[in-house]
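**Student:** Protein chains in written order, with my numbering: chain A, 3 to 168; chain B, 3 to 168; chain C, 3 to 168. Ideal Cβ placement from N, Cα and C applies to all residues, glycine included. Only a predicted model underlies this, so the values are computations on that prediction, with no experimental measurement involved.
(1) How many angstroms separate the CA atom of residue 173(C) from the CA atom of residue 164(B)?
(2) Beta-carbon within less than 7 Å of residue 14(A)'s beta-carbon, same chain only, minus the 5 sequence neighbours each way: which residues are those?
(3) For residue 113(B), would you say it is in contact with chain A, using Cβ-to-Cβ distances shorter than 8 Å as the test?
(4) Between residue 102(A) and chain C, is any beta-carbon pair separated by less than 8 Å?
(5) For residue 92(B), go through chain C and note every residue whose CB falls closer than 9 Å to its CB, in chain order.
(6) In terms of residue numbering, what span does the beta strand (DSSP E) encompassing residue 148(A) cover?
(7) DSSP has residue 166(C) in a bridge; who is on the other side?
(8) How is residue 22(C) classed by DSSP in three states: helix, strand or coil?
(9) Could you tell me the distance, in whole angstroms, from the CA atom of residue 105(B) to the CA atom of residue 51(C)?
(10) Residue 25(C) touches chain B at which residues, Cβ-Cβ below 7 Å?
(11) Run through the region 24-100 of chain A for me and flag every whole alpha helix (DSSP H) of 4 or more residues, listed as ranges in chain order.
(12) Please classify residue 168(A) as buried or exposed, where buried requires at least 16 other C-beta atoms within 10 Å of its C-beta.
(13) Using DSSP with H/G/I as helix, E/B as strand and the rest coil, what is residue 16(C)?
(14) Among 139(C), 127(C), 61(C) and 62(C), which has the Cα closest to the Cα of residue 39(C)?
(15) Count the C-beta pairs between the region 126-135 of chain B and the region 123-131 of chain C that are closer than 8 Å, then say yes if the count reaches three, no if not.
(16) Thinking residue 64(B) and residue 117(A) are a contact (beta carbons under 8 Å), I'd like their distance in whole angstroms, please.
(17) What first and last residue would you give for the beta strand (DSSP E) that runs through residue 108(C)?
(18) Between which two residues does the beta strand (DSSP E) carrying residue 137(A) extend?
(19) Rounded to whole angstroms, what is the Cα-Cα separation between residue 114(B) and residue 12(C)?
(20) Where does residue 10(B) sit, in a helix, a strand or coil, going by DSSP?
(21) In angstroms, rounded to a whole number, what distance separates the CA positions of residue 10(A) and residue 21(B)?
(22) Which of the residues in the region 38-54 of chain B, read from start to end, lie with their CB under 7 Å from any CB of chain C?
(23) Which residues in chain C have a C-beta closer than 7 Å to the C-beta of residue 88(A)? List them in chain order.
(24) Quick check: the Cα distance between residue 144(A) and residue 87(A), rounded to an integer number of angstroms?
(25) When the Cα atoms are used, what is the spatial distance from residue 119(A) to residue 90(A)?
(26) Closest Cβ-Cβ distance between residue 19(B) and chain A: below 8 Å?
(27) Are the beta-carbon atoms belonging to residue 137(A) and residue 75(A) less than 8 Å from one another?
(28) Against residue 125(C), what residues of chain B qualify as contacts under a CB-to-CB distance less than 9 Å, listed in chain order?
(29) Would you grab the beta carbon distance between residue 62(B) and residue 48(B) for me? Rounded to a whole angstrom, and I think it's under 8 Å.
(30) My guess is that residue 108(B) and residue 101(B) are in contact by the Cβ rule of under 8 Å, so how many angstroms apart are they, rounded?
(31) Given that a residue counts as buried once 16 or more other Cβ atoms are within 10 Å of its Cβ, and exposed if not, what is residue 55(A)?
(32) Between residue 122(C) and the rest of its own chain, which residues show a CB-CB distance below 6 Å, the 5 nearest in sequence each way excluded?
(33) Just tell me which of 30(C), 43(C), 16(C) and 158(C) has its CA closest to the CA of residue 72(C).
Next up, the structure:
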């Protein structure tokens, strides 16, 4: 195998590690760590697949910077009233679609399918939200970060409201 | 780590990428792309685990060439009446069981566990079909292709009928 | 990429293969193979996330050696009366948290999110147990083995009783 081919393959592992760390932070409820998975002006969008397929801009959540993400985390953890629940993300191996690594920062386009399960106290676990992460990832001094993460979810009927990040 | 050991490990990444591309094609409803994941005389079989375990040949679907797969796609997209639904595949990392790479084409035997979730319009997502891919994969000039993909599913009661490929 | 960085990345693949082989053994009901995934004095603990989060030692199952695991398998397959069901594990790519490979045996700390689906005869598949594997893994002459596997599950209400290993 040629060096570049192998580098491309190994990118899957780096993205998998990023996705796994992201999922762990959310499922362990370390919400304050969540904005740091993005670059300073990174964007986080949660959009129904139906709108995505039709090219409609309508999104359930659209945050355009770490600052907005921090506000969101504050809202979720401090002010929004909601019943407690656990989440568990199971994310498949990332599909690496493109990689530009020339300038030392580089941009990786990757996608991964996810399922998020929800467990409410005293209840059985249930399918909560399934869909696809559509990511632009850059390499920074602090490791890989999302320049853009778009969560395109299948579920038209979002179980109750979607409180925590996906 | 020895070179052959590493080559074997890296095969997981190649198979993961193949599985992810396959899942993306189906979930994005690019059904016309589906037969091209197989070699010309590739086979695609969907079989209940119970029949597999008992060595019974009975299969829900058994296609023996790309031509049959194209017919199937035509049937699914043009002629079979069914309620619309989205699918989402979450596939675990592939288990690479054997690899023969000597002759430049090579045969890889691999398996992966999958869960397919279904979402009907206006409804919550639900578990649709879970099981195991049992694959023979060959290396062609156009990349890895399935010589044989057997979808062995656990669910004895298939929710409604199984329309789209698994 | 430096050699050590690559070695660390490749560890994910080795752990993924271990996780996939473990899941395959359980889902294919090769329960007698299960204890051999652990070292002789390995431990296997199944604990509710709520207890884990609160630092409570209470666990649903706690086995401290291969011998205890063999007893458990005997109990499950020979003596405990229960309705039959299939399981299917879908495990995400492992998150490799630490690796010490100096002495040739080495210790790997890794985690992975899992979903286990259950299918009872004549019924649809359902979410059975979701959670996180928290693993200490050592390298032996017979390959990677669990020194400790802790299954921390979200589901407070375990569907019926939990019979087979997770």
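**Tutor:** Quick answer:
(1) In the structure displayed, chain C extends from 3 to 168; residue 173(C) sits before or after that span and is not available.
(2) Along the first chain, one-based indexing puts residue 14(A) at 12. 95, 96 and 98, listed in sequence order.
(3) Along the second chain, read from residue 1 onward, the residue named residue 113(B) stands at position 111. The Cβ of residue 113(B) sits no closer than 8 Å to any Cβ of chain A.
(4) The sequence position of residue 102(A) within the first chain is 100, counting from 1. With 8 Å as the cut-off, residue 102(A) does not count as an interface residue toward chain C.
(5) Taking the second chain and counting its residues from 1, one reaches residue 92(B) at position 90. In chain order, 92, 94 and 117 make up the part of chain C whose C-beta sits under 9 Å from the C-beta of residue 92(B).
(6) On the first chain, residue 148(A) is found 146 positions in, with the first residue counted as 1. If you look at residue 148(A), you'll find it in the beta strand (DSSP E) that goes 145-155.
(7) Here residue 166(C) refers to the residue found at position 164 of the third chain. According to DSSP, residue 166(C) shares a beta bridge with no other residue.
(8) Along the third chain, read from residue 1 onward, the residue named residue 22(C) stands at position 20. When secondary structure is reduced to three states using DSSP, residue 22(C) falls in the helix class.
(9) Position 103 of the second chain, counted from the start, is the residue given in the question as residue 105(B). Position 49 of the third chain, counted from the start, is the residue given in the question as residue 51(C). Note on residue 105(B): pLDDT 47, under 50, position unreliable in the model; the coordinate value appears next. When rounded, the distance between both Cα atoms is 50 Å.
(10) Stepping through the third chain from its first residue, residue 25(C) is reached at position 23. Within chain B, the residues near residue 25(C) are 115.
(11) Entirely contained in the region 24-100 of chain A, the alpha helix (DSSP H) runs reaching 4 residues are, in chain order, 51-55 and 68-76.
(12) Residue numbering aside, residue 168(A) sits at position 166 when the first chain is read from its first letter. By the neighbour-count rule (16 or more Cβ atoms within 10 Å), residue 168(A) is buried.
(13) Within the third chain, numbered from 1, the residue matching residue 16(C) stands at position 14. It is helical.
(14) Locating residue 39(C) in the third chain gives position 37, counting from the first residue. Of the candidates 139(C), 127(C), 61(C) and 62(C), the residue whose Cα lies closest to the Cα of residue 39(C) is 139(C).
(15) Verdict: yes, contact present.
(16) Here residue 64(B) refers to the residue found at position 62 of the second chain. Here residue 117(A) refers to the residue found at position 115 of the first chain. Actually they do not touch by this definition, with Cβ atoms about 29 Å apart.
(17) The sequence position of residue 108(C) within the third chain is 106, counting from 1. First-last for residue 108(C): undefined, no H or E at that position.
(18) Residue 137(A) sits at position 135 when you count from the first residue of the first chain. Per DSSP, residue 137(A) belongs to the beta strand (DSSP E) from 128-142.
(19) In the second chain, residue 114(B) corresponds to position 112, counting from 1. In the third chain, residue 12(C) corresponds to position 10, counting from 1. The straight-line gap from Cα to Cα measures roughly 19 Å.
(20) Walking along the second chain from the start, residue 10(B) turns up at place 8. In this structure, residue 10(B) counts as helix in the three-state DSSP scheme.
(21) One-based indexing of the first chain puts residue 10(A) at position 8. One-based indexing of the second chain puts residue 21(B) at position 19. Cα-Cα distance, rounded: 16 Å.
(22) For chain C, the residues of the region 38-54 of chain B that bring a beta carbon within less than 7 Å of one of its beta carbons are 51, in chain order.
(23) On the first chain, position 86 is the one that residue 88(A) refers to. For residue 88(A), the neighbours in chain C by C-beta distance under 7 Å run, in chain order, 51 and 156.
(24) Position 142 of the first chain, counted from the first residue, corresponds to residue 144(A). Position 85 of the first chain, counted from the first residue, corresponds to residue 87(A). In this model, residue 144(A) and residue 87(A) are separated by some 31 Å (Cα to Cα).
(25) To locate residue 119(A), count along the first chain from 1; it is residue 117. To locate residue 90(A), count along the first chain from 1; it is residue 88. Their Cα atoms are separated by approximately 5 Å.
(26) The residue you call residue 19(B) lines up with position 17 of the second chain. True, the Cβ-Cβ gap to chain A drops below 8 Å.
(27) For the purposes of this step, residue 137(A) is taken as the residue at position 135 of the first chain. For the purposes of this step, residue 75(A) is taken as the residue at position 73 of the first chain. Their beta carbons are not under 8 Å apart, which means residue 137(A) does not touch residue 75(A) by this criterion.
(28) Along the third chain, one-based indexing puts residue 125(C) at 123. The contacting residues are 157, 158 and 159.
(29) By 1-based counting over the second chain, the position of residue 62(B) is 60. By 1-based counting over the second chain, the position of residue 48(B) is 46. Contact check for residue 62(B) and residue 48(B): beta-carbon distance about 5 Å, within the 8 Å limit, so the pair qualifies.
(30) Locating residue 108(B) in the second chain gives position 106, where the first residue counts as 1. Locating residue 101(B) in the second chain gives position 99, where the first residue counts as 1. The pair is a contact, with the Cβ atoms about 7 Å apart (cut-off 8 Å).
(31) As a first step, residue 55(A) is located in the first chain; it is residue number 53 there, counting from the start. Label assigned to residue 55(A): exposed.
(32) For the purposes of this step, residue 122(C) is taken as residue 120 along the third chain, with counting starting at 1. 87, listed in sequence order.
(33) Here residue 72(C) refers to the residue found at position 70 of the third chain. When only C-alpha atoms are compared, the closest one is 43(C).
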